[in-house]
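> First, the structure itself, so that you have it in front of you.
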Amino acid sequence: MTKLSVNINKIATLRNARGANNPNVVQVALDAERFGAQGITVHPRPDERHIRYQDVLDLSEVVTTEFNIEGYPDNRFMELIKMVKPAQATLVPDPPNAITSNSGWDTITHLEYLKDIVAELHASGTRVSIFINPESKFFEPAKETGTDRVELYTEPFAVNFSKDKHAAVKPYIEVSELARQLGLGLNAGHDLDLHNLKFLKESIPYLDEVSIGHALVCDALYYGLENTIQMYRRQLEV
Ligand SMILES: CC(=O)[C@@H](O)[C@H](O)COP(=O)(O)O
Ligand SMILES: NCC(=O)COP(=O)(O)O
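Going by my numbering, the first residue of the sequence shown is number 128, and it counts up by one from there.
Following this line, the structure appears as structure tokens:
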């Protein structure tokens, strides 16, 4: 089974557009779970432009599905993870001012650094995933970091999907098989949507989890959150 983790960053973007608490990200997370989300993902960024660090603390009190916190492992992020002890921390190499995530880790260059970070997170009892490009050279070093899982950065797949979906998914199938041989769990995310998700799942049936935010929240404007979550769940039922 591939779990659907709903990324609620964009709910916080909407909330932050005005000073008050509408929409309430905690309530939306609870409703998303009730509507079928099998996990909640957040990506607090240093400027707190969407999810705030306080949101993460508030969410940690109520989320009952798998709580996944993504981010660059600076001191503030590491302290947050140690305090919250989520089910999973996903390490993303974004610089502080990144508009969104646009690359996975260079696990060769940053091998020693990642080893230390993964060990620190394991000591606090948190499963670790490393955001990674679909390039085979990064997978054995990823395994050496001690990480439990990798998350495939799927923007290139999403961009190329409309041109040639088979060519778009090919590198992902190759690295997924490598990850499997290495005993790494497999997540995927970034720009997945109702058009490309089913094909990704058919191509890589043993995906453990996908985290989806931007497109899912956009779709919810038209279909409503409950229908939308069910529609995404159905794409994963192949
Ligand atoms: C790691 C990843 O792909 C997602 O966290 C994505 O970056 C969403 O972050 P934003 O919502 O800040 O764009
Ligand atoms: N890890 C990817 C994620 O959480 C959501 O990415 P997106 O669907 O907002 O592009």
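Cβ atoms here follow ideal geometry from the backbone N, Cα and C, with glycine treated the same way.
Please list the segments of the alpha helix (DSSP H) lying wholly inside the segment 251–291, counting only runs of 4 or more residues, in order along the chain.
The qualifying runs are 266–272 and 282–288.
> Specify the secondary structure class of Leu186 as computed by DSSP and reduced to three states.
Taking the first residue of the sequence shown as position 1, residue 186 is located at position 59. Residue state, collapsed to three classes: helix.
> Using the C-alpha atoms, what's the distance from Leu334 back to Gln215?
Taking the sequence shown and counting its residues from 1, the one referred to as residue 215 is at position 88. Taking the sequence shown and counting its residues from 1, the one referred to as residue 334 is at position 207. Taking the straight line from one Cα to the other gives about 16 Å.
> Output the residues surrounding ligand 4, defined as those with a CB atom closer than 5 Å to any ligand heavy atom, in chain order.
In the structure shown, ligand 4 is absent; the only ligands present are ligand 1 and ligand 2.
> Short of 6 Å in beta carbon distance, which residues of its chain neighbour Pro298, apart from the five on each side in sequence? Order them along the chain.
The residue you call residue 298 lines up with position 171 of the sequence shown. Result list for Pro298: Pro261, in chain order.
> Would you report the Cα separation of Met128 and Gln165, rounded to the nearest angstrom?
Here residue 128 refers to the residue found at position 1 when the sequence shown is read from its first residue. Here residue 165 refers to the residue found at position 38 when the sequence shown is read from its first residue. If you take the alpha carbons of Met128 and Gln165, they lie about 11 Å apart.
> Could you give the C-beta distance for Val153 and Leu186, rounded to a whole number, given that I count them as a contact under 8 Å?
Working through the sequence shown from its first residue, we reach residue 153 at position 26. Working through the sequence shown from its first residue, we reach residue 186 at position 59. Correct: roughly 6 Å between the Cβ atoms.
> Is the Cβ-Cβ distance between Ala285 and Asp318 less than 9 Å?
Within the sequence shown, residue 285 is the residue found at index 158, counting from 1. Within the sequence shown, residue 318 is the residue found at index 191, counting from 1. Cβ atoms of Ala285 and Asp318: closer than 9 Å.
> Let's test the definition: count the other Cβ atoms within 10 Å of the Cβ of Glu278 and tell me whether it reaches 16, buried, or not, exposed.
Locating residue 278 in the sequence shown gives position 151, counting from the first residue. Classification for Glu278: buried.
> State yes or no: is the beta carbon of Val152 nearer than 9 Å to at least one beta carbon in chain B?
No chain B is present in this structure, which holds just one protein chain.
> Between which two residues does the alpha helix (DSSP H) carrying Lys328 extend?
Sequence index remark: in the sequence shown, residue 328 carries index 201 (1-based). Looking at the DSSP string, the run of the alpha helix (DSSP H) that includes Lys328 is Leu324 to Ser330.
> Flag Val183 as yes when its Cβ comes closer than 8 Å to any non-hydrogen atom of ligand 1, and as no otherwise.
As a first step, residue 183 must be located in the sequence shown, where it is residue number 56. Checking the Cβ of Val183 against ligand 1 gives no.
> Could you tell me whether the segment 232–239 touches the segment 177–185, where touching means 3 or more Cβ pairs closer than 8 Å?
When Cβ pairs closer than 8 Å are counted between the two stretches, the segment 232–239 is seen not to touch the segment 177–185, the count staying below three.
> Between Gly231 and the rest of its own chain, which residues show a CB-CB distance below 6 Å, the 5 nearest in sequence each way excluded?
The sequence position of residue 231 within the sequence shown is 104, counting from 1. Closer than 6 Å at Cβ, skipping near neighbours: Phe258, Ile259, Asn260 and Tyr280.
> Mapping DSSP to helix, strand and coil, what is Phe194?
On the sequence shown, position 67 is the one that residue 194 refers to. Phe194 falls in the strand class under three-state DSSP.
> Would you kindly report the start and end of the unbroken beta strand (DSSP E) that includes Asn167?
Taking the sequence shown and counting its residues from 1, one reaches residue 167 at position 40. Looking at the sequence itself, residue 167 is Ile, so the reference to Asn does not match. Segment Gly166 to Val169, the beta strand (DSSP E) holding Ile167.
> Can you give me the start and stop residues for the alpha helix (DSSP H) that Leu207 sits inside?
For this step, residue 207 is matched to residue 80 along the sequence shown. Taken as a continuous stretch (DSSP letters only), the alpha helix (DSSP H) holding Leu207 covers Asn202 to Val211.
> In three-state terms, what does DSSP make of Val219?
On the sequence shown, position 92 is the one that residue 219 refers to. Val219: coil per DSSP, three-state reduction.
> Any heavy atom of ligand 1 closer than 8 Å to the CB of Ser228?
Here residue 228 refers to the residue found at position 101 when the sequence shown is read from its first residue. Yes - ligand 1 has a heavy atom lying nearer than 8 Å to the Cβ of Ser228.
> Going by DSSP, which residues form a beta bridge with Lys130?
The residue labelled residue 130 in the question sits at position 3 within the sequence shown. Lys130 is bridged to Glu336.
> Between the alpha carbons of Asn323 and Glu336, how many angstroms are there, rounded?
Start at 1 with the first residue of the sequence shown, and residue 323 comes out as number 196. Start at 1 with the first residue of the sequence shown, and residue 336 comes out as number 209. Going by C-alpha positions, Asn323 is about 15 Å away from Glu336.
> Buried or exposed for Glu267, going by 16 or more other Cβ atoms inside 10 Å?
For the purposes of this step, residue 267 is identified with residue 140 of the sequence shown, where counting begins at 1. Exposed, since its Cβ has fewer than 16 Cβ neighbours within 10 Å.
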